[in-house]
Structure formats: C-alpha cells, structure tokens
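So for the first sequence, the numbering used here puts the first residue at 39; every next one is plus one. No residue lacks a Cβ here, since even glycine has one placed at the ideal position from N, Cα and C. These numbers come from a predicted model, not from an experiment. Heads up: the structure comes next, in structure tokens.
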Amino acid sequence: MKSEKGTHQTSSVAKNDGGDVVEGITITHPDRELYPGSGVTKIDIASHYGLVGDRMTEVSGERPVSLLRCPAGIEGECFFQKHAGKGFPGELTRIDIEEKNGEIGEYLYATGPEGYVAAAQMGTIEFHGWAARADRLERPDRMVFDLDPDETLGFAETKQAAFDLKSLLLDIGLEAYAMVTGGKGIHVVVPLRRTVSWETLKSFAKTLAHLMADREPDRFTATMSKDKRKGKIFIDWLRNERGATAILPYSVRARPGAPIATPVTWDELKNLNSAAAFGLGHMADRLKHDDPALAVKPQTLGRTVIDRLEKRVG
DNA sequence: GGCTAAC
DNA sequence: GTTAGCCAACGCGGA
DNA sequence: TCCGCG
Ligand SMILES: [Mn+2]
Ligand SMILES: [Mn+2]
Numbered sequence: 039m040k041s042e043k044g045t046h047q048t049s050s051v052a053k054n055d056g057g058d059v060v061e062g063i064t065i066t067h068p069d070r071e072l073y074p075g076s077g078v079t080k081i082d083i084a085s086h087y088g089l090v091g092d093r094m095t096e097v098s099g100e101r102p103v104s105l106l107r108c109p110a111g112i113e114g115e116c117f118f119q120k121h122a123g124k125g126f127p128g129e130l131t132r133i134d135i136e137e138k139n140g141e142i143g144e145y146l147y148a149t150g151p152e153g154y155v156a157a158a159q160m161g162t163i164e165f166h167g168w169a170a171r172a173d174r175l176e177r178p179d180r181m182v183f184d185l186d187p188d189e190t191l192g193f194a195e196t197k198q199a200a201f202d203l204k205s206l207l208l209d210i211g212l213e214a215y216a217m218v219t220g221g222k223g224i225h226v227v228v229p230l231r232r233t234v235s236w237e238t239l240k241s242f243a244k245t246l247a248h249l250m251a252d253r254e255p256d257r258f259t260a261t262m263s264k265d266k267r268k269g270k271i272f273i274d275w276l277r278n279e280r281g282a283t284a285i286l287p288y289s290v291r292a293r294p295g296a297p298i299a300t301p302v303t304w305d306e307l308k309n310l311n312s313a314a315a316f317g318l319g320h321m322a323d324r325l326k327h328d329d330p331a332l333a334v335k336p337q338t339l340g341r342t343v344i345d346r347l348e349k350r351v352g
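This is how it looks when you write it as structure tokens:
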C-alpha cells in the first residue's frame, strides 16, 4: 500500500516536531520504507495498529505478547522480543511471569491501541500472543491448530484441511473459527472457557492432531520433522503450550506485501485463494462488520468433549 | 530503536 | 563521540 | 544425548 502523505485510509495522523502522532504516540521516521518494493512505511504500520487496536483488544484481550521487531525494515535485521527490557515504552504493560527454569521474566501485554502503536514506534511489525490472558496465565482461553502446508501444496489443500478439522471438532462438540495467517497457513481456533490446565489442553490438541493424521496419513502429519512433512499438511498442535505463541489477529506480517493475519467466516474462506489475501487497505472495511473471531463463544473443554475424542481414538 | 558497555 | 552487541527459548521427536 | 524445528 502506497503511503501518499495524509491519505492513509487509517486512523488519524497528527503532526508535531518530532514526526507524526498516532494515538498520542510520536512516530519517528514516518516515511521510512519498511517494505522495500511495496512502499509500505513505518507510519502505515503505526496507523494500521491505531486503526485496528480496539478490535485487537476486543478479540485478544490482555494477552502476553512476543514482538517481531524490524527497526530497519523487513530486509534488515529482525529479532523477537518477549521480555520488557529497559527503554520499552510504558504504553505496554509489564507482568512478571515465572518461566519453566524457575526464573521470573518481565513480559509485555497491550491494554489498548496505544500499546500496539507504541510497539510499532519501536519497529514492531508482528505480534504473537500466548493462549492465555494475563489475569489467569495458568488457564488457557483458546486452542489453536496451526495448519502448515508443505511447500508443494496449494491453498486449496490447506483450506480443505481446515474444513476437515472444523468438521471433526464439530463432531466432538466444539465450534471453531478460521484465520488466514498472511503467510501460507490457516489457524483453526476454538475459544475456551478458562477451566483446564495447560497439560489438559496440550494433551487434547495432541490427541486430536494425531487422530487426523492417523485417519489420513497421506494428507496430514502431526509430527514436526521436515522429511515426514513432504507433500502433507503439518497440524501444528504445539502452539497449545505454556509460553508458546501464535500470530495475533490483525497483526501485520513481516513479509513482502505486508499481509495481515485476518479472521474469516467459513463462508468467506470457501472463496479465498490465498492465506495472504488481506492487507492494510482491507481493514477499514472489515472493521465495519462483526468479527468472525468474536462470533464463536468460549466453550468448555470438559468431560463430555474429552470422552468423545477418546472414543474416536479407540 | 534505544540502551549499555567498550574503545 | 562513536560503535558493537543485545533484543525468545522450550518441548517435541527423529537420530 | 544432541540437534533442528517453530
Ligand atoms: Mn503456521
Ligand atoms: Mn507452525
């Protein structure tokens, strides 16, 4: 998306001495091209997060995040950051989290648009979130299956996998929504009531992924190793672990064209021909409609559902 | 992008 | 004054 | 136990 100054079809951009101001945050080097070729600039990214920030907050809530930062653009050095560290803007809230090794790490989460915009000023492009919210870190609130197609496969096969997974989930009593990730994959997500442990969630997701793979070993695999994935779709269930993250809805991706991870209705998905179908210019319109991610209510990963899965495993 | 430690 | 380094990390599963 | 992986 080209950024003719002042024509962003995004949130309002004001001016001050240091640069442009979005959501009260000064964006330095607003015209720096972060995406050489497609002409997407830093102010485009910051304005995007100003625009979708409320929706992100509605959909994801206050969830610890890892940031993918590319201060010099996507062709420069990019790095992940999950700890707060010095000099990180106060618009992002800090929370102490005990890590597996027993140490305490200071993590970050956004409480509103300013958080996302402030991170964008720091060169953040992508936001990856935990499967739990900050106020109850030991009770995950979603289950995600990350469908990763081998590069020989097309989007049609990935879509079919998403629909098949959706059916299996419905069959055991769970409703899911879909999100195209902006890369090649699709996330199939089940919002959860916060009743179960990480252990229960992980084992459920693992069992279900292996059930899919056992039923159709030519199409699916539930193991990560590269050479078992040839020509297949890897059903990545490992996102359902304490500390693991998945790309957040409405995060921009640090890939050519600045695609955006976008929740879609199952009906919409039928007619899509790419997981990178959405970009900065699509968001204003999408925000006018109900969010597909919010249309699915949190469900209980309880005995009924677990028993039904066990029964199908045999 | 911004902080810190080292020249 | 300038610069180079830092900025995630953990469990899976194959070998 | 080590390594590649996300
Ligand atoms: Mn993926
Ligand atoms: Mn994956």
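Comparing alpha carbon positions, the residue from L146, G150, V343 and A315 closest to G125 is L146. A residue is listed when its beta-carbon falls short of 6 Å from at least one non-hydrogen atom of ligand 2; in chain order these are D184, D186 and D274. Contact check between the region 237-257 and the region 269-285: three or more CB pairs, one atom from each, fall below 8 Å, which counts as touching. Along the length of the region 85-109, whole alpha helix (DSSP H) runs at least 4 residues long do not occur. Going by C-alpha positions, A172 is about 18 Å away from R93.
Under the DSSP assignment, F242 falls in the alpha helix (DSSP H) whose first and last residues are W236 to R253. The Cβ atoms of T196 and I285 lie no closer than 7 Å to each other. Boundaries of the alpha helix (DSSP H) harbouring L206: F193 to D209, taken from the DSSP string. Inclusion of V290 and I65 in the CB contact set at 7 Å is not warranted, their separation being larger than that value. Annotated as distal: P287 and A296, with beta-carbon spacing of 7 Å or more. Around the C-beta of D209, fewer than 16 other C-beta atoms lie within 10 Å, and the residue is accordingly described as exposed. For A200 and F258, the gap between their C-alpha atoms comes out near 11 Å. In this structure, the C-beta of G223 approaches ligand 1 to less than 6 Å from one of its heavy atoms. Cα atoms of E144 and P151: separation of roughly 21 Å, rounded to the nearest angstrom. Assigned with DSSP and collapsed to three states, L318 falls in helix.
Distance from R101 to T162 at the Cβ level is roughly 15 Å; contact not present, criterion being Cβ atoms closer than 8 Å. When the beta-carbon positions are compared, K244 and P187 stay at least 7 Å from each other. In the three-state scheme derived from DSSP, where H, G and I count as helix and E and B as strand, L347 is classed as helix. Separation of G62 and D202 (C-alpha to C-alpha, rounded to the nearest whole angstrom) is 45 Å.
Going by beta carbons, S85 and V60 fall inside the 7 Å limit. Closest by C-alpha distance to H225, out of W304, G281, M262 and G269, is W304.
Cβ-Cβ distances below 8 Å link L185 to T196, A199, A200, L203, G223, I224, H225, V226, I271, F272, I273 and D274 in the same chain, with the five nearest sequence neighbours on each side left out; the list follows chain order. For F272, the beta-bridge partners assigned by DSSP are D186 and T259. The alpha helix (DSSP H) runs of length 4 or more contained entirely in the region 288-334 are, from start to end of the chain, 304-309 and 321-324.
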